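Residues 3 to 279, numbered by our numbering, are exactly what the sequence shown covers, in order. Cβ coordinates follow ideal geometry from the N, Cα and C atoms, glycine included. Remember, it's a predicted structure, so these values are computed and weren't measured experimentally. One structure is given below, encoded as structure tokens.
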Amino acid sequence: MIVDCHLHLNNYEENQVPTLDKCLARLEHEMRRNRIDQALVLTSYTVTPGRPSTRTVVEAIRDKPYLTVIAGLDYTKFQPDELVEIADYVQAGKVRGLKLYPGYQPFYPLDPKWTPAFEFAGLHKIPVMIHTGDTYSPKGKLKYAHPLNVDEVAVEFPDVNFVICHMGNPWIRDCMEVVYKNANVYTDMSGLTLGEFEDRFEVFLRKQVSEMLSYGVEPDALLYGTDWPISSMDSYLDFMKELAIPQKERRMIMAENAIELYGLDRGNSLIGNGKRR
Ligand SMILES: [Zn+2]
Numbered sequence: 003m004i005v006d007c008h009l010h011l012n013n014y015e016e017n018q019v020p021t022l023d024k025c026l027a028r029l030e031h032e033m034r035r036n037r038i039d040q041a042l043v044l045t046s047y048t049v050t051p052g053r054p055s056t057r058t059v060v061e062a063i064r065d066k067p068y069l070t071v072i073a074g075l076d077y078t079k080f081q082p083d084e085l086v087e088i089a090d091y092v093q094a095g096k097v098r099g100l101k102l103y104p105g106y107q108p109f110y111p112l113d114p115k116w117t118p119a120f121e122f123a124g125l126h127k128i129p130v131m132i133h134t135g136d137t138y139s140p141k142g143k144l145k146y147a148h149p150l151n152v153d154e155v156a157v158e159f160p161d162v163n164f165v166i167c168h169m170g171n172p173w174i175r176d177c178m179e180v181v182y183k184n185a186n187v188y189t190d191m192s193g194l195t196l197g198e199f200e201d202r203f204e205v206f207l208r209k210q211v212s213e214m215l216s217y218g219v220e221p222d223a224l225l226y227g228t229d230w231p232i233s234s235m236d237s238y239l240d241f242m243k244e245l246a247i248p249q250k251e252r253r254m255i256m257a258e259n260a261i262e263l264y265g266l267d268r269g270n271s272l273i274g275n276g277k278r279r
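Here it is as structure tokens:
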């Protein structure tokens, strides 16, 4: 079974925006082709023609139980009131996490503005995913996106689970330590490349992931995710195929950890039952 815990329905070429239906059809086509059972769709911190709101995405995937939304929050406009609507979606099983975008927006994760969001996550037992590392946009400010910043929120909010997105890339070692030290911190391996992996970089990254596990990061803290459509699903599966890890750990990383952390129902598969791998 495969759960992709980090992908988007955004369109990054904003001058020619396809409809959300078209983006969804493309996602399902890619999932079927790559035999991905379930995926978490992360909404953005901003709403534009190419970046649909959490409400729009929740409505669009209402009859697609193999898709679950992670609600992106906007630092500049955030009001605790908006958590009321998200609570309904959480109750309905359509939203299973929050996402913050430090670096893309100028704030540190421990900013007091987010206290209601962290308390909400603790109450509803949903994780908070935090962007870390390189920003896709040159307008981002990297100091806010360093994975070490996640250590602070993890300590201050011990009842909340946090996900360091993109393994903090390129600060992978710092990410390792934060995940190793904090039982409530996980990391996803999404977005490590644009499109396909370049051979040399793929070798380098495989070494990084192996090192992370040898360093003492428990395999239950590592999550499979791609950041599609930024990264290619095919390329990510190839990356995992060549990774020398025991079967049991592979199953954990590819699906089991995400099912547990996000509280997903393993019966919801786009691919169908009895064909798990
Ligand atoms: Zn992403």
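Tell me residue i's beta-bridge partners as DSSP assigns them.
| i | result |
| --- | --- |
| Lys101 | Gly74, Met131 |
| Leu196 | Leu196 pairs with nothing; no bridge assigned. |
| Arg53 | Thr50 |
| Asp190 | Leu225 |
| Val165 | Met131, Tyr188 |
| Gln40 | Val5 |
| Leu69 | Ala41 |
| Gln210 | Gln210 pairs with nothing; no bridge assigned. |
| Gln294 | This structure leaves residue 294 out entirely; the chain is present only between 3 and 279. |
| Ser233 | Gly197 |
Taking 7 Å as the cut-off, is the beta-carbon of residue i closer than that to any non-hydrogen atom of ligand 1?
| i | result |
| --- | --- |
| Leu196 | no |
| Leu150 | no |
| Ser192 | yes |
| Leu44 | yes |
| His126 | no |
| Asp229 | yes |
| His31 | no |
In chain order, what residues of the same chain lie with their CB nearer than 8 Å to the CB of residue i, ignoring the 5 residues before and after it?
| i | result |
| --- | --- |
| Ile38 | Ile4, Val5, Asp6, Glu32, Met235, Leu272, Ile273 |
| Leu245 | Arg208, Val211, Ser212, Arg252 |
| Tyr188 | Pro129, Asn163, Phe164, Val165, Ile166, Val181, Ala223, Leu224, Leu225, Asn259, Leu263 |
| Gly52 | Asn12, Asn13, Tyr14, Glu15, Glu16, Val19 |
| Ala89 | Phe122, His126 |
| Leu9 | Leu29, Ala41, Leu42, Val43, Leu44, Ser192, Gly227, Thr228, Asp229, Trp230, Pro231 |
Leaving out the 5 sequence neighbours to the left and right, which residues in its chain are closer than 6 Å to residue i when beta-carbon positions are compared?
| i | result |
| --- | --- |
| Pro82 | Pro118 |
| Leu194 | Asn171, Leu207 |
| Met284 | This structure gives no information on residue 284, because the portion of the chain shown stretches from 3 to 279. |
| Tyr91 | Val60, Val97 |
Among residues of its own chain, excluding the 5 on either side of residue i, which ones have a beta-carbon nearer than 7 Å to its beta-carbon?
| i | result |
| --- | --- |
| Lys143 | Gly105, Pro108 |
| Ile261 | Val5, Arg268 |
| Val59 | Leu11, Val43, Thr45, Val71 |
| Asn36 | Met235, Asp236, Leu239 |
| Glu198 | Ser234, Ser237 |
| Gly276 | Its pLDDT being 44, under 50, Gly276 is placed unreliably in this model, and the coordinates cannot settle the point. |
| Thr281 | Summary: the structure shown does not reach residue 281, with the chain confined to residues 3 through 279, and so no result is reported for it. |
| Tyr146 | Pro104, Gly105, Pro108, Phe109, Tyr110 |
Compare the C-beta of residue i against all C-beta atoms of chain C and say whether one is closer than 8 Å.
| i | result |
| --- | --- |
| Arg98 | Reference to chain C is not applicable here, since this structure consists of a single protein chain. |
Taking 7 Å as the cut-off, is the beta-carbon of residue i closer than that to any non-hydrogen atom of ligand 3?
| i | result |
| --- | --- |
| Ala257 | Questions concerning ligand 3 fall outside what the structure shown contains, since the ligands it does hold are ligand 1. |
Margin query: Three or more C-beta pairs under 8 Å: does that hold for the segment 63-82 against the segment 92-103?
Written below: Taking a cut-off of 8 Å for Cβ pairs, the segment 63-82 and the segment 92-103 touch, as three or more such pairs fall below it.
Notebook entry, point to check: Between the segment 14-26 and the segment 258-275, are three or more C-beta pairs nearer than 8 Å?
Noted result: Judged by Cβ distances under 8 Å, the segment 14-26 makes no contact with the segment 258-275, as fewer than three pairs qualify.
Note to self: If contact is defined by three or more beta carbon pairs under 8 Å, each pair taking one atom from either stretch, is the segment 211-229 in contact with the segment 181-189?
What the structure shows: Yes, the segment 181-189 touches the segment 211-229.
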